[in-house]
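Read through the structure below, which is laid out as structure tokens, and then see the notes.
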Amino acid sequence: MATRRYGVSVGEGKVQVSEAVGSATNADHVELTVDFDATISGVAGSMKRNDVIQALRALEQYILGANWPPA
Numbered sequence: 565m566a567t568r569r570y571g572v573s574v575g576e577g578k579v580q581v582s583e584a585v586g587s588a589t590n591a592d593h594v595e596l597t598v599d600f601d602a603t604i605s606g607v608a609g610s611m612k613r614n615d616v617i618q619a620l621r622a623l624e625q626y627i628l629g630a631n632w633p634p635a
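Taking the working numbering, the leading residue of the sequence shown gets 565, the next gets one more, and so forth.
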């Protein structure tokens, strides 16, 4: 369970979110790959749910503040 891929296409909701193992495949409009074996604060494999939520919030803030669509 080193990585987990989540995907959803525009117009779909929570029920249509796909979940699979491995790298992005361009099967959905938006995909997120989470590396559960990532080293955080010197501890390997320490990825927590809250860490992913915080990273998603950082991505959201970046997207909201950046030019759209990206160049």
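Glycine included, each C-beta is placed from N, C-alpha and C at the ideal position.
As assigned by DSSP and simplified to three states, the class of aspartate 599: strand
Nearest-angstrom Cα separation, counted from alanine 591 out to alanine 630: 25 Å
Closest Cα partner of arginine 568 within the set Glu583, Lys578, Gly606, Gly575: Glu583
Cutoff 8 Å; reference phenylalanine 600; Cβ partners in own chain excluding five residues on either side: Met565, Ala566, Thr567, Arg568, Gly609, Met611
Cβ-based burial, glycine 575 [other Cβ within 10 Å; buried from 16]: exposed
Reduced DSSP category for glutamate 583 - H, G, I as helix; E, B as strand; rest coil: strand
Proximity to glutamate 595 [Cα-Cα], best of Ile604, Leu620, Trp632, Ala602: Leu620
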